[in-house]
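Trainee: Please read through the structure below; I'll follow up with questions.
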Amino acid sequence: MAGMNSVEIPLHDSDEVIELDFDQLPDGSECLAILREERPHLRVWNILAQQYYKQGEHEAFVSMLEAAITEAAMDYEDSDKDLMTSLDSLANYFVELGKKANNKDLTRDYFAKAAQLFGKGDKIIMHHEGHLVSRGCFYLADGKFEQAETQFNFVLTQLNKQNPPALLGKASILFSKKDYNGALNLYKEVLKLKPETCRADVRLGIGHCYSKLNKLHLARKAFARALELDPRCVGAMVALAVLELNNKRAESIRNGVDLLSRAYTIDQTNAMVLNHLANHFFYKKDFNKVQHLARHAFYSTNVEPIQAESCYQLARVFHAMQDYDQAFKYYYQATQFADNNYVLPHFGLGQLYLARNDPTNAAGCFEKVLKIQSDNYESMKILGSIYASSNDEEKRERAKTLLKKATTQHPDDIEAWIELAGILEGTDIQGALSAYGTASRLLQETLETDTPPEILNN
Numbered sequence: 108m109a110g111m112n113s114v115e116i117p118l119h120d121s122d123e124v125i126e127l128d129f130d131q132l133p134d135g136s137e138c139l140a141i142l143r144e145e146r147p148h149l150r151v152w153n154i155l156a157q158q159y160y161k162q163g164e165h166e167a168f169v170s171m172l173e174a175a176i177t178e179a180a181m182d183y184e185d186s187d188k189d190l191m192t193s194l195d196s197l198a199n200y201f202v203e204l205g206k207k208a209n210n211k212d213l214t215r216d217y218f219a220k221a222a223q224l225f226g227k228g229d230k231i232i233m234h235h236e237g238h239l240v241s242r243g244c245f246y247l248a249d250g251k252f253e254q255a256e257t258q259f260n261f262v263l264t265q266l267n268k269q270n271p272p273a274l275l276g277k278a279s280i281l282f283s284k285k286d287y288n289g290a291l292n293l294y295k296e297v298l299k300l301k302p303e304t305c306r307a308d309v310r311l312g313i314g315h316c317y318s319k320l321n322k323l324h325l326a327r328k329a330f331a332r333a334l335e336l337d338p339r340c341v342g343a344m345v346a347l348a349v350l351e352l353n354n355k356r357a358e359s360i361r362n363g364v365d366l367l368s369r370a371y372t373i374d375q376t377n378a379m380v381l382n383h384l385a386n387h388f389f390y391k392k393d394f395n396k397v398q399h400l401a402r403h404a405f406y407s408t409n410v411e412p413i414q415a416e417s418c419y420q421l422a423r424v425f426h427a428m429q430d431y432d433q434a435f436k437y438y439y440q441a442t443q444f445a446d447n448n449y450v451l452p453h454f455g456l457g458q459l460y461l462a463r464n465d466p467t468n469a470a471g472c473f474e475k476v477l478k479i480q481s482d483n484y485e486s487m488k489i490l491g492s493i494y495a496s497s498n499d500e501e502k503r504e505r506a507k508t509l510l511k512k513a514t515t516q517h518p519d520d521i522e523a524w525i526e527l528a529g530i531l532e533g534t535d536i537q538g539a540l541s542a543y544g545t546a547s548r549l550l551q552e553t554l555e556t557d558t559p560p561e562i563l564n565n
């Protein structure tokens, strides 16, 4: 079957062959016509399809594999394994298209095509190692983590405990479950198995685990190594940029913005890059750039948590510009896309509900913040103030708890002490007097002003 750089296609009713050099392949449609005419073994179709894919001729790759599944010769040993290769290669291609699509309907269509091809593969060799791993990666891309884990576990426990793609898939699932040590161990295991050929994304995964474990020095080293392996690794650039920006020093901020700019040059449709740049320009008060970048980010992805961040960037720009109707619209939209842990849009939405004189919905927003960030001081203080004005005794008790916690966290907050004193007046006179006394003292000490008569009268 020729050498590593070419493939031979035997001619019908002849001892002659056509040798196709991989460096000089004919047009895809011409090659497909030859394959259909001569009908060589399926393996030949697969080899040529992969070569066209490597050369960026994706249309030829797809048409060749689609034709191969029904038209190629399969009257030879192990043709079933080659058919699995055809089906899974085509399915994996549609999975990748689905992941990159910025339209949910398009993603659904690509994933449906992939599912159909995987289903055909199930009927040929159900427990084919590569097939199970590919199906697991498909489930992972579709957010079906339990099904994905089942596929990877079967491969690792029944077929090959050192299968790198299965280990990486399992690591992604553990990371999503916040088992960062477990994920890190699996990434390291892959690194030991393939030390010379390990891709940059393995180092990237290691870096993200270290970052979540707050081992930022090791995270930085892993991200830097990923960039050494692949100087165009946008994920590593973004991760390093975040570490730099979080340092909040002038030089670090410059380094972070430079990294984001490099990433943007490589991929101007990467929604994470666009959102981080939008965040940077918000603090620079360049609101036009923020709007441009955030909108572009929103329409460049169909990953809802990333879209939530884009909406939040738009919302706070409009909030800062005092366009409260637009701000409300985007805060609300952000809450619809956000996962449970992303509370920033709930806080902003709560503020605007208050501005609309709607304390009930505002309270619901701040409760969502406190459910995730129980020590969020601003939410405690605002919620305490809302509930302090309520006639519901249960809410008034909640107000006391929140305001006591707020004054413990920030004992120099005069407003919080006055709010606490007011809610204590009806049930705890001594506590109320003490709170008013603290507020009075703080006014004199920090603001160097006399105590207002309304406080003295209480």
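Heads up: the sequence shown is residues 108 to 565, going by our numbering. We put the beta carbon where it would ideally sit given N, CA and C, even for glycine.
So, for His-235: in the same chain, excluding its five sequence neighbours on each side, which residues have a beta-carbon less than 6 Å away from its beta-carbon?
Mentor: Around His-235: Met-191.
Trainee: Under the three-state reduction of DSSP, which class applies to Val-124: helix, strand or coil?
Mentor: Here Val-124 sits in strand by DSSP.
Trainee: Under DSSP, the beta strand (DSSP E) around Glu-115 begins and ends at which residues?
Mentor: Its beta strand (DSSP E) spans residues 113 to 117.
Trainee: What distance in whole Å lies between the Cβ atoms of Asp-189 and Arg-150, which are believed to be in contact at a cut-off of 8 Å?
Mentor: Yes, they are in contact, since the Cβ atoms of Arg-150 and Asp-189 sit about 5 Å apart, within 8 Å.
Trainee: Spatial neighbours of Ala-255 within its chain, please: CB distance less than 7 Å, with the 5 preceding and 5 following residues excluded, ordered by chain position.
Mentor: Cβ neighbours of Ala-255 beyond the five flanking positions: Gly-243, Tyr-246, Leu-247, Gly-276 and Ile-280.
Trainee: Grab the span of the alpha helix (DSSP H) containing Cys-244 for me, first residue to last.
Mentor: It spans 236 to 248 - the alpha helix (DSSP H) in which Cys-244 sits, taken as one unbroken run.
Trainee: How close, in whole Å, do the beta carbons of Tyr-438 and Pro-452 come, if the pair is a contact with beta carbons under 8 Å?
Mentor: Between Pro-452 and Tyr-438 the Cβ distance is about 5 Å, and since that is below 8 Å, they are a contact.
Trainee: So the alpha helix (DSSP H) Glu-184 belongs to, where does it begin and stop?
Mentor: It is not in any alpha helix (DSSP H) - Glu-184 carries neither H nor E in the DSSP assignment.
Trainee: What does a CB cutoff of less than 7 Å around Ala-415 pick up in its chain, not counting 5 residues either side in sequence?
Mentor: Around Ala-415: Ala-441, Phe-444, Ala-445, Tyr-449 and Pro-452.
Trainee: Which residue's Cα is closest to the Cα of Asp-134: Arg-332, Ser-170 and Val-124?
Mentor: The shortest Cα separation from Asp-134 among Arg-332, Ser-170 and Val-124 belongs to Ser-170.
Trainee: Rounded to the nearest angstrom, what separates His-324 and Lys-295 at their Cα positions?
Mentor: In a straight line, the C-alpha of His-324 is about 17 Å away from that of Lys-295.
Trainee: Which residues in the same chain have their Cβ closer than 7 Å to the Cβ of Ile-141, if we skip the five residues on either side of it in sequence?
Mentor: Closer than 7 Å at Cβ, skipping near neighbours: Ile-116 and Ile-125.
Trainee: Looking at Asn-209 and Val-240, is the spacing between their C-beta atoms short of 8 Å?
Mentor: No. Outside cutoff.
Trainee: Using the C-alpha atoms, what's the distance from Ala-278 back to Lys-512?
Mentor: Rounded to the nearest angstrom, the two C-alpha atoms are 39 Å apart.
Trainee: Cα-Cα, which of Asn-199, Leu-549, Phe-252 and Leu-527 is closest to Ala-539?
Mentor: The option with the nearest alpha carbon to Ala-539 is Leu-527.
Trainee: Which partner residues of His-148 appear in the DSSP bridge assignment?
Mentor: Note: His-148 sits in a beta bridge opposite Ala-180.
Trainee: What distance in whole Å lies between the Cβ atoms of Ile-530 and Leu-549, which are believed to be in contact at a cut-off of 8 Å?
Mentor: The Cβ separation is near 18 Å, so there is no contact.
Trainee: So, at 7 Å on beta carbons, what are the nonlocal neighbours of Asn-483 in its own chain, with the 5 sequence-adjacent residues on each side left out?
Mentor: So the qualifying residues of the chain are Val-476 and Leu-477.
Trainee: DSSP state of Ser-481, grouped into three classes?
Mentor: In this structure, Ser-481 counts as coil in the three-state DSSP scheme.
Trainee: Take the Cβ of Tyr-382 as the centre, count every other Cβ of all protein chains shown within 10 Å, and call the residue buried at 16 or more, exposed below.
Mentor: Looking at the sequence shown, residue 382 is not Tyr but Asn. By the 10 Å Cβ count, Asn-382 comes out buried.
Trainee: Tell me the residue span of the alpha helix (DSSP H) that contains Val-349.
Mentor: Segment 341 to 354, the alpha helix (DSSP H) holding Val-349.
Trainee: Drop a sphere of 10 angstroms on the beta-carbon of Glu-351, count the other beta-carbons inside from all chains shown, and report buried for 16 or more, exposed for fewer.
Mentor: That one is buried.
Trainee: For the region 511 to 540, list the alpha helix (DSSP H) runs that are entirely contained and at least 4 residues long, ordered along the chain.
Mentor: DSSP runs (the alpha helix (DSSP H)) wholly in the region 511 to 540: 521 to 531.
Trainee: Shortest alpha-carbon distance to Pro-147 belongs to which of His-165, Asp-182, Leu-459 and Ser-497?
Mentor: Per the Cα distances, Asp-182.
Trainee: Could you give the first and the last residue of the continuous alpha helix (DSSP H) run that contains Asn-386?
Mentor: Note, Asn-386: alpha helix (DSSP H), 378 to 390.
Trainee: In whole angstroms, what is the alpha-carbon distance linking Gly-342 and Ala-156?
Mentor: Going from the Cα of Gly-342 to the Cα of Ala-156 covers about 29 Å.
Trainee: Taking 7 Å as the limit between beta carbons, can you name the residues of its chain near Glu-213, skipping five residues before and five after?
Mentor: Contrary to the premise, residue 213 reads as Leu rather than Glu in this sequence. Excluding residues within five positions, none has a Cβ falling inside 7 Å.
Trainee: Give the C-beta separation of Asn-362 and Ala-370 to the nearest angstrom, bearing in mind that I take them to be a contact with Cβ-Cβ under 8 Å.
Mentor: About 13 Å; that fails the 8 Å criterion.
Trainee: Looking only at C-alpha atoms, which of Glu-552, Leu-384, Cys-340 and Ser-186 sits nearest to Arg-306?
Mentor: Cα-wise, what sits closest to Arg-306 is Cys-340.
Trainee: Quick one: is Leu-563 buried, meaning 16 or more other Cβ sit within 10 Å of its Cβ, or exposed?
Mentor: For Leu-563, the pLDDT reaches just 47, beneath the cut-off of 50, and the residue's location in the model is therefore unreliable, leaving the point undetermined.
Trainee: Mind listing, in chain order, the continuous alpha helix (DSSP H) runs of no fewer than 4 residues lying wholly within the region 248 to 330?
Mentor: Whole alpha helix (DSSP H) segments, 4+ residues: 252 to 261, 271 to 283, 287 to 300 and 307 to 319.
Trainee: If I follow the unbroken alpha helix (DSSP H) through Gln-458, where does it start and stop?
Mentor: Unbroken alpha helix (DSSP H) run through Gln-458: 451 to 462.
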